[in-house]
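Shown next, in structure tokens, is the structure this report addresses.
Protein chains in written order, with this note's numbering: chain L, 11 to 728; chain H, 11 to 728.
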């Protein structure tokens, strides 16, 4: 047994759960940077202990830090068992009272056993490390963290704990010329990966290790879903992805413990099992039907196609932002994590064998849930837009929810901002949901400058969710006197026409014309924003002349479209997006055929590009545009240049990776970049909406001087 | 003194110059790969020794190899003093009978002294190495070789040998966010460089080292021109580039040996001194006047503007492909390396104080010339398209040329191919030059398949010049029965209209309309090819139905334009080019304004793109198109995809770098890539022009199977 220095030095009792401090305070930049992200939450088999992983920042090393916490359910004490630049796949080891996890304690990411006494024992250490991340020569395995070296990339225990399945990653080998589509795929990524292969092994209780299968890293089932293991008594069934075209056709095999050989399993068309929700009767639970007619149904096992209908529902089962489902051993009920799309929050749904369904939750969200094997009792995170996360115990039958531990005393000490939930219908007749965050010092009757923050469906009851607010410091905007509007796009399942538009975008089946598809998706999104903004202006809450808009990724598309289709906004911030730009055609030929009807050089398609592509419409923008990038995306540069050519204020900032050979990730992982990008956004909106030159670093002051020149030039325009 | 193992192990007597072998033979692939490239040629002060650097391939390590040869002029013995992955800037050390050079003997590139006995002594070793080349985290310093680590990047001796100027490169430091134009510049390069700075030092005869100046690596004068040192008795004058906008405005400074301080020199508007040719009277020699009225003149020093006219001339002075000029100590004459543009060859021009000019040369070329300090006697390389290189002695007064040493006995053993020089005038009235390489077994009256190889002005009398023939195995094409046509574009200086078109392209001054500029440059080039091909078809030499075209870089533009504007060719190979494509607009806004009138989204410019941009005209191509790339250039991919969409046979091959973190260079440097790319070209033209499926590696056979599918689909087209 070893106890790595890093783990030992940092392990120890965490502060006891404090009472809510009496001195309440307002948000600071440091508070936003300190918001913890909850990762794995795991219960011990007996339900006496929970472990959970919190991701925070290591400011000294300017990188993410993962801490594995142990919570004793009985006495509510919380201690840190280990810290590492990365911890993942925490499991309770079957048959033992210890935990296993992938973590980096200085020897690359390996598989460790961790006891409740913080003792750390290596289980599998593979010295042949492979670099993974957004870096050159790295396998492009996952994002949103720094490049890491991996010895072990995946593992799973058999339910009896006697067999261990694990995988290593082998990177390298002589590079060969590549052709055609492979060149296009390569060119879509800034960073190049060496040829990489995964090796799966099984180690049995006698310590004997056998190779099971080798797969290229392009096999996404083997790479990201752990090869979908299903354990039998004498065998392991596993799945791999059979083709490299991105079609998730899964082939399944059986590996026999005794003979150490593999046999092929029949194709049952069942595809990927990951995320499947099993109903109380053992069938698959799904939501079927269109729009208002959606029902929760269970398709019973067997081939007679029998279905149980649990009635109308508005839930999405096991959304990736809060996944999971647990079936009572006696089949009395299934409890499933659900998203309530119209309410923009997460809860649990108990589906009884008797056909009754019961929603379990709070006014805000239950996320990161996990239940005991008997499904009677579980642990979730209770959080909301204005509610810092805390661990709660959930009783499946009574639905009773009790607090176990707060996860961030620091944020409990902040007086919550006033947040109001909204639903509205836009001029096209589509419904959307969102939130109004009020300025800290709100006085009814006064008009406030406002900033819209948009990112498809991520505006929901989660605490400072990084996938919504990115580098937009929502809380500081509100502290500084802005109204902040968190806006979701119209949800897709509300109308067959909208559902078909999304399908046509994905499948480019040509069933929706480019003009109609543009209208239903992007112009619809812009109309949603326009409707809310005009409502609130009419109500006297916001000031029409001081409106800004921000969004990253899908949100950046909406920002770029909105400012080139409306004249609502005076300033905008568009984050790390370049989709819709002609420059991205080569990587999105199918989707662009749906949106535009063909490549930008086609004279008929050209008119469709002119109708929507932001860089082709830059001269119509009325907003000063800041673009913040994690990579120098060609289409983003084109939009920037087109704005400049039209003499519209435009700033383009690329945030660096750790070295010249790595990149910042789409959701920034480098704390100093996050801070600088948030500062830049604050300064940008203050400058254009409030006419205020914000104090800041010398670098920021230099920027502001540049903006002053832009503003002077803009104001001289005829 | 050290004698590095690498140098010692490989030093030794080179084979004595053999008599031409009696058994003559034909070209092989190995012969092309073994063609030596001559780099530096240097004479000792007393003229008794010459050293020269030959670049060949190290097949075992699959990389370039540089060998420093010593030739004793008296007895004509030749020996190798040292080998290294890179040798550059060879100089005779003033006041000593030894040589200095930058070379990598296992400690990175450092400055060494090398004796005629092959003893190697380090002069400057800087252990802080910086990576340079086409690799991630490398300064993008020079191309066409593998990434190398540099301790010393530049040096120069004072004429008395007492002072040594040298420079180091410092790479690294914390990356900062970058903005606007800097993001665009970064995005134009696949590989990222860390912030890099050069430090220049002077070391005096007492061994004292003083820092002189620090410059960012973006200062191209400091980076590539050694800071333009001009040595005085007590001082060193040097130049740096003052701005980062690519404008070569040079600021000059004086560094004083005694005080070790710097003073500013007055701006004299003289700009860069590099490549300046000094006439017999000490003035600057230039060629002035337009087209046929060009004269060689010397502007006398002083401010009265007096000029001596040496009369009409057709030469280009000190062309970068064969640079240099030497002035006799007594001012009796200057001898200058010249290019004869219309004859597509290189020679020497003696310009006498008496006003007489005399051309010195052979029917082929004199290149890589160097002369003694008195300019009376020099050494050149004598080479031609069908003439393997040899070192010759040139006497300046008599013009006598005598052979000193053959540089490649291997190629002397090959029976030369028949090469014929041509000049012709195209339908637009523009003249061009080129060469016809006849098939080995040529029978008059028979028609041959033909391949045009085009690359602006590089078709000239040099032996298998890699900047012309790239990965197109010209000699093997001829051995296999093709006529090969090496074609230059119309030379720019033949008409004021053409000169103005090139100026407008560079300055985008709008003086030539996009349509006229397209016509004068690219359509003019295509017409040049058409004229030659039609002439030769009329003469019965070539078969109209079996024509191919190949070219890389500028040549790839001409290939892509020619196949989308004419229907002459059935197959084409386009090398590592993407200029003219809409995708390159963002890096070439000035030039594209000249060519197209604006960005691709502009409705007026759109018509100009439709008139010329290859990917917008792909459906008009009649040629099966192979594109070979060193980097996955976006525009090249667009053209490939557009051809595919139009069901025209198209192959796109990317050749890899040494690792996933480095690239093949524009002119390939990895021998196995060069071999594979030449094999691919042979197979490609054989397949489409001769209907022959060439034997080859399993990888190549797999390619040919793909081409067979393309051919079948193409033939089924209506």
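Yeah, the Cβ is synthetic: ideal placement off N, Cα and C, and Gly gets one too.
Between the CA atoms of residue j and residue i - distance to the nearest angstrom
| i | j | result |
| --- | --- | --- |
| residue 570/H | residue 462/H | 13 Å |
| residue 731/H | residue 316/H | Outside the modelled stretch of chain H, which goes from 11 to 728, sits residue 731/H, for which no answer is possible. |
| residue 720/H | residue 430/H | 36 Å |
| residue 403/H | residue 367/H | 20 Å |
| residue 695/L | residue 515/L | 33 Å |
| residue 159/H | residue 693/L | 42 Å |
| residue 575/H | residue 532/H | 10 Å |
| residue 541/H | residue 438/H | 10 Å |
| residue 386/L | residue 82/L | 18 Å |
| residue 214/H | residue 174/H | 6 Å |
| residue 31/H | residue 401/H | At residue 31/H, the pLDDT of 49 sits below 50, so the modelled position is not reliable; the number obtained from the coordinates is stated separately. Those two C-alpha atoms are separated by around 19 Å. |
| residue 658/L | residue 724/L | 6 Å |
| residue 563/H | residue 345/H | 33 Å |
| residue 165/L | residue 246/L | 13 Å |
| residue 607/H | residue 684/L | 40 Å |
| residue 219/H | residue 184/H | 28 Å |
| residue 628/H | residue 590/H | 13 Å |
| residue 249/H | residue 196/L | 42 Å |
Heavy atom of the ligand NAP within 8 Å of residue i beta-carbon
| i | result |
| --- | --- |
| residue 470/L | Annotation note on the ligand NAP: not contained in the displayed structure, which lists no ligands. |
Residue-chain proximity (residue i, chain L), Cβ-Cβ < 9 Å
| i | result |
| --- | --- |
| residue 714/H | no |
| residue 180/H | no |
| residue 675/H | no |
| residue 661/H | yes |
| residue 669/H | yes |
| residue 679/H | no |
| residue 197/H | yes |
| residue 731/H | Missing from the structure shown is residue 731/H; chain H here goes from 11 to 728 and no further. |
| residue 683/H | yes |
Distance between beta carbons of residue j and residue i, contact taken as under 8 Å
| i | j | result |
| --- | --- | --- |
| residue 445/H | residue 496/H | 4 Å |
Residue-chain proximity (residue i, chain H), Cβ-Cβ < 9 Å
| i | result |
| --- | --- |
| residue 146/L | yes |
| residue 193/L | yes |
| residue 605/L | no |
| residue 622/L | no |
| residue 520/L | no |
| residue 186/L | yes |
| residue 699/L | no |
Close beta carbons around residue i, own chain, < 8 Å, minus the five adjacent residues each side
| i | result |
| --- | --- |
| residue 452/L | 428 and 458 |
| residue 477/H | 331, 465, 468 and 677 |
| residue 626/H | 592, 619, 620 and 652 |
Neighbourhood of residue i by C-beta distance below 7 Å, restricted to the same chain and skipping five residues each side
| i | result |
| --- | --- |
| residue 203/H | 148, 149 and 150 |
| residue 293/H | 308, 309, 310 and 311 |
| residue 198/H | 597 |
Requested in this report: Pick out the complete beta strand (DSSP E) segments inside the segment 112-150 of chain H, 3 residues or longer, and give them in chain order.
Outcome: 119-124, 130-134 and 140-142
Query - Those runs of the beta strand (DSSP E) which lie wholly inside the segment 507-590 of chain L and span at least 3 residues - result: 552-562 and 581-585
Query - Minimum length 3: unbroken beta strand (DSSP E) runs contained in the segment 604-669 of chain H - result: 634-639 and 660-664
Query raised in the report: Which ranges would you report for the alpha helix (DSSP H) in the segment 229-260 of chain L if only whole runs of at least 4 residues count?
Result: 230-234
Query raised in the report: Hey, which unbroken runs of the alpha helix (DSSP H) at 4 residues or more fall wholly within the segment 28-77 of chain L?
Result: 39-44
Requested in this report: Output the residue ranges of the alpha helix (DSSP H) runs that lie fully inside the segment 332-404 of chain H and measure 4 residues or longer, sorted by chain position.
Outcome: none
Requested in this report: Counting only runs of 3+ residues fully inside the segment 140-208 of chain L, write out the beta strand (DSSP E) ranges in chain order.
Outcome: 140-142, 158-160, 164-167 and 174-181
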